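Quick note: the sequence shown, position 127, residue 126 per numbering that gives the first Met the number 0, numbers continuous.
We treat Cβ as the ideally placed atom computed from N, Cα and C, and that holds for glycine.
Being a predicted model, the structure only gives us computed values, none of them experimental.
Beneath this line is the structure, given in structure tokens, with notes to follow.
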Amino acid sequence: MGCSITALITVYNQKDRIKRCIDSVLWADEILVVDSFSDDGTVDILRGYEKVKLEQREYKNAAEQKNWALERVKTKWVLILDSDEWLSREALESVKRALSSNQYDGYRMRRRTYFLGRLIRFCGWQFDYPLRLFKVCKGRFDTRRVHSDVILDGPCGKIKAPIFHETYADLDEYFRKFIRYTKLAAEDAKERKMAPSFFNLFVRPCARFIRQYFLQLGFLDGKEGLILCGLSAFSAFTKYARLLHPRKTTHLER
0 MGCSITALIT
10 VYNQKDRIKR
20 CIDSVLWADE
30 ILVVDSFSDD
40 GTVDILRGYE
50 KVKLEQREYK
60 NAAEQKNWAL
70 ERVKTKWVLI
80 LDSDEWLSRE
90 ALESVKRALS
100 SNQYDGYRMR
110 RRTYFLGRLI
120 RFCGWQFDYP
130 LRLFKVCKGR
140 FDTRRVHSDV
150 ILDGPCGKIK
160 APIFHETYAD
170 LDEYFRKFIR
180 YTKLAAEDAK
190 ERKMAPSFFN
200 LFVRPCARFI
210 RQYFLQLGFL
220 DGKEGLILCG
230 LSAFSAFTKY
240 ARLLHPRKTT
250 HLER
């Protein structure tokens, strides 16, 4: 490829998905996996790969975990994947060309996502291009706890060949993660001085649904599109509801 590269993956309890992810990056010079003390057999799978360097560390949030891992990358370039993602063959060829050209310091890569088993083509996800490939010395994740992005100190290109992402396989999985994600999102909102106003509690979630389902053509994704847009709006509401009522009830009126 002309340049050395590490595939960096963070994982927690993904025994059914981690093999697919690792297999898609076996071409990389190094594979660094940071595990948050999985207890479902994920670690046993990882130890079966001679090429994988495994680190274990307590998870605080995605950005903090990845920035910690980036400090341990020794190659010039890094490719970031989550454990429920995998690199397509087309994307691999695009990555090789990008590294050989050395035209940019980083690249946003198209991500195509499965939700409840369906490949989502609309709902706003058609514009999903996270920054995943970059020179280690040029990028770090911002401090947001949820949906953090890479801050790149240099020019950025775009790779249209996709990373695939298998998000929630069912609603049980969605709601297991929902509690943690909305708590972290509420903490981000609090730090940005965002208030639990009528606008944020009602108008913003409704506007999100209208934008994703109608303006961004989510209705073309069938029942999964409807569920996705509805849950997205509910997630926005819950984030601000947590700001309105952040504490547990300690006593009840009689």
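Proximity of residue i and residue j at Cβ, strictly below 9 Å
i, j, result
"I162", "L86", "yes"
"G229", "F208", "yes"
"L80", "R139", "no"
"C136", "K65", "no"
"Y239", "R203", "yes"
"L78", "T166", "no"
"A61", "R144", "yes"
"R241", "H164", "no"
"D43", "Y11", "no"
"F121", "D220", "yes"
"R109", "K157", "yes"
"A160", "A235", "no"
"E57", "F36", "yes"
Beta strand (DSSP E) segment containing residue i, residue limits
i, result
"V77", "W76 to D81"
"V72", "Element bounds for V72: n/a, residue is neither H nor E."
"T9", "I4 to V10"
"R46", "Note, R46: premise wrong, no beta strand (DSSP E); alpha helix (DSSP H) at T41 to R46."
"K52", "V51 to Q55"
"K269", "Residue 269 lies beyond the residue range present for the chain, which begins at 0 and ends at 253; the question has no answer from this structure."
"R110", "G105 to F114"
"D34", "E29 to D34"
Buried or exposed by the 16-neighbour rule on C-beta atoms within 10 Å, applied to residue i
i, result
"W26", "exposed"
"N101", "exposed"
"F114", "buried"
"I119", "buried"
"C20", "buried"
"R107", "buried"
"Q55", "exposed"
"G105", "buried"
"D83", "buried"
"T9", "buried"
"C243", "For clarity, residue 243 is Leu in the given sequence; the question names Cys instead. By the neighbour-count rule (16 or more Cβ atoms within 10 Å), L243 is not buried but exposed."
"D152", "exposed"
"S196", "exposed"
"D148", "exposed"
"G224", "buried"
"S99", "exposed"
"F133", "buried"
"I30", "buried"
"N199", "buried"
Residue range of the alpha helix (DSSP H) that includes residue i
i, result
"T181", "L170 to E190"
"V94", "R88 to S100"
"K18", "I17 to D22"
Any chain D beta carbon closer than 9 Å to residue i
i, result
"D171", "Among the protein chains of the structure shown there is no chain D, as only one such chain exists."
beta-carbon residue i near the ligand MG non-hydrogen atom, thresh 8 Å
i, result
"E70", "What this structure holds is no ligand at all, so the ligand MG is not there to describe."
Item to check | Start-end ranges of the alpha helix (DSSP H) lying completely within the region 195–245, minimum 4 residues | outcome: Segments of the alpha helix (DSSP H) lying fully in the region 195–245: 203–209 and 221–243.
Item to check | Completely contained beta strand (DSSP E) runs for the region 122–153, where each covers 3 or more residues | outcome: Listed in chain order, they are 130–134, 138–140 and 149–151.
Checklist entry - Can at least three beta-carbon pairs, one atom from the region 212–219 and one from the region 184–196, be found at a separation below 8 Å? => result Verdict: no, contact absent.
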